[in-house]
Amino acid sequence: MRKTKRKPLTVGQMLQIEFMKPYGLTNQQLADAMGVHRNTVSNIVNGGILTAPNAIKLACALGNTPEFWLNIQHAVDLWETRNSYESESKSVHPLELFPA
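Those letters in the sequence shown? Residues 583 to 682, by this note's numbering.
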């Protein structure tokens, strides 16, 4: 299992770096385009978890795919879990499903 030391960019960081700052978008403008409350966008921008329904709305608003956003969220979730539960995973032993 490959382990990276550096946490991947969050959805919020990607939003800010690649979309909001370059295009001068505010939380309110993005929220209006997505059809959600401004607090929803603020939560995502500030590192909150992106749900599948909001990924669909975000993708529609920005012209990309929900998979793009959910893959970013998944990478962050997996990184955080691997780094939080590393000691617990040491007690897990793989099954020998295909003995040599």
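Virtual Cβ for every residue (Gly too), placed ideally from N, Cα, C. Since the structure is predicted, the reported quantities are computational estimates derived from the model, not experimental observations.
Asked, Found
"Which residues mark the beginning and the end of the alpha helix (DSSP H) in which Gly594 is found?", "593-596"
"Below 8 Å between beta carbons: does that hold for Met616 and Ala643?", "yes"
"Quick check on Leu607: does DSSP put it in helix, strand or coil?", "coil"
"Note down the Cα distance separating Asp659 from Pro681, rounded to an integer number of angstroms.", "33 Å"
"Identify whether Thr633 lies in helix, strand or coil by the three-state DSSP scheme.", "coil"
"Counting only the same chain and skipping the five closest in sequence on each side, list residues whose C-beta sits under 7 Å from that of Lys639.", "Met616, Gly617, Val618"
"What do you reckon, are the CB atoms on Leu632 and Trp651 nearer than 8 Å?", "yes"
"Flag Ser666 as yes when its Cβ comes closer than 7 Å to any non-hydrogen atom of the ligand GTP, and as no otherwise.", "This structure lacks the ligand GTP; in fact it carries no ligand of any kind."
"Here's the rule I'm using: 16 or more other beta-carbon atoms within 10 Å means buried, otherwise exposed. How should Ile654 be labelled?", "buried"
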